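So the number in my numbering is just where the residue sits in the sequence shown, counting from 1, plus 4.
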Amino acid sequence: MKKKLVGFIILALFTLAIPAYAGAPLEVVKANLNKALEVLNDPKLKADSGKEIKTQKLRAIYREMVNEVEFSRRTLGRHWNQFTPAQRAEFVDLFEQVLEKAYVDQIFTYTDERIEYTRENMLTDTMAEVQTKIITSSKEIPVFYRLSKRDGQWRVYDVVVENVSMVQNYRTQFNDILAKNKPEHLLDVLRKRVKEK
Numbered sequence: 005m006k007k008k009l010v011g012f013i014i015l016a017l018f019t020l021a022i023p024a025y026a027g028a029p030l031e032v033v034k035a036n037l038n039k040a041l042e043v044l045n046d047p048k049l050k051a052d053s054g055k056e057i058k059t060q061k062l063r064a065i066y067r068e069m070v071n072e073v074e075f076s077r078r079t080l081g082r083h084w085n086q087f088t089p090a091q092r093a094e095f096v097d098l099f100e101q102v103l104e105k106a107y108v109d110q111i112f113t114y115t116d117e118r119i120e121y122t123r124e125n126m127l128t129d130t131m132a133e134v135q136t137k138i139i140t141s142s143k144e145i146p147v148f149y150r151l152s153k154r155d156g157q158w159r160v161y162d163v164v165v166e167n168v169s170m171v172q173n174y175r176t177q178f179n180d181i182l183a184k185n186k187p188e189h190l191l192d193v194l195r196k197r198v199k200e201k
């Protein structure tokens with residue numbers, strides 16, 4: 005159940021594509037979440053044969069929506085500066101693949117959970133938090149999206165589920181590895197996770 009919940013949260017993360025125009029963060033989140041739900045509910049993609057097409061569409065939305073460099077930088081925290089530019093680029097790519105591999109199957113278990121948009125907090129002119137709730141048949145799960153504005157676009161750099169930040173969660177895991185090892189070791193760990201079946 006916990007993995008399915010996290011998978012649904014990742015679904016929301018994958019589906020908050022930020023369009024070329026700038027708008028209120030809450031409006032951007034709401035409009036683009038609807039686009040992703042259209043992909044998931046497309047009757048032409050319901051068969052198993054549609055899974056790869058759905059994955060490709062959601063992957064494209066994710067790449068447009070998430071500030072992957074900022075997400076990765078915050079996840080690595082103080083260790084970011086220990087990575088060379090080439091290692092940083094590889095980490096960004098591997099981290100995206102690890103997230104997809106871990107959660108894509110759970111994303112496809114989406115049925116008819118509802119999302120309620122509760123609040124938009126403008127923290128600064130370029131930082132915002134959109135607060136939502138996922139309504140299931142048995143409970144409500146608070147999910148907050150943290151966004152930053154760069155080049156006129158709002159993009160997500162963190163998701164907080166029931167007061168647990170994705171950035172902080174992965175930072176703790178990666179800190180444990182990097183406390184005793186060099187960046188190349190973490191990259192090797194991620195390469196192996198990507199190759200696992």
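We put the CB at the ideal spot given by N, CA and C, even for glycine. Quantities reported herein were computed from a predicted structural model and do not represent experimental measurements.
{"Item": "Here's the rule: buried if 16 or more other CB atoms are within 10 angstroms of the residue's CB, otherwise exposed. What is residue 89?", "Value": "exposed"}
{"Item": "To the nearest angstrom, how far is the alpha carbon of residue 157 from that of residue 125?", "Value": "17 Å"}
{"Item": "Alpha carbon to alpha carbon, how far is residue 137 from residue 147? Give it in angstroms, no decimals.", "Value": "6 Å"}
{"Item": "Does the separation of the CB atoms of residue 232 and residue 47 fall below 7 Å?", "Value": "The chain is shown from 5 up to 201; residue 232 falls before or after that span and cannot be answered."}
{"Item": "Considering only residues of the same chain and omitting the five flanking positions on each side of residue 187, which have a CB-CB separation below 6 Å?", "Value": "86, 87 and 91"}
{"Item": "Can you give the Cα-Cα distance for residue 35 and residue 192, rounded to whole angstroms?", "Value": "38 Å"}
{"Item": "Please confirm whether residue 145 and residue 120 have their CB atoms less than 7 Å apart.", "Value": "no"}
{"Item": "My assumption, with CB atoms under 8 Å, is that residue 79 sits in contact with residue 171. Please give the rounded CB distance.", "Value": "5 Å"}
{"Item": "According to DSSP, simplified to helix, strand and coil, what is residue 85?", "Value": "helix"}
{"Item": "How about residue 99 and residue 161: are their beta carbons less than 7 Å apart?", "Value": "no"}
{"Item": "Roughly how many angstroms lie between the CA atoms of residue 182 and residue 94, to the nearest whole one?", "Value": "16 Å"}
{"Item": "Pick out whichever of 154, 113 and 102 has its Cα sitting closest to the Cα of residue 55.", "Value": "113"}
{"Item": "If you scan the segment 40–77 from start to end, which runs of the alpha helix (DSSP H) of 4 or more residues do you find wholly inside it?", "Value": "55–69"}
{"Item": "Could you give the C-beta distance for residue 150 and residue 69, rounded to a whole number, given that I count them as a contact under 8 Å?", "Value": "With 8 Å as the limit, residue 150 and residue 69 do not qualify as a contact, their Cβ atoms being about 13 Å apart."}
{"Item": "Could you tell me which of 116, 83, 200 and 154 sits nearest to residue 178, measuring between CA atoms?", "Value": "83"}
{"Item": "I need the straight-line Cα distance from residue 40 to residue 176, nearest angstrom please.", "Value": "30 Å"}
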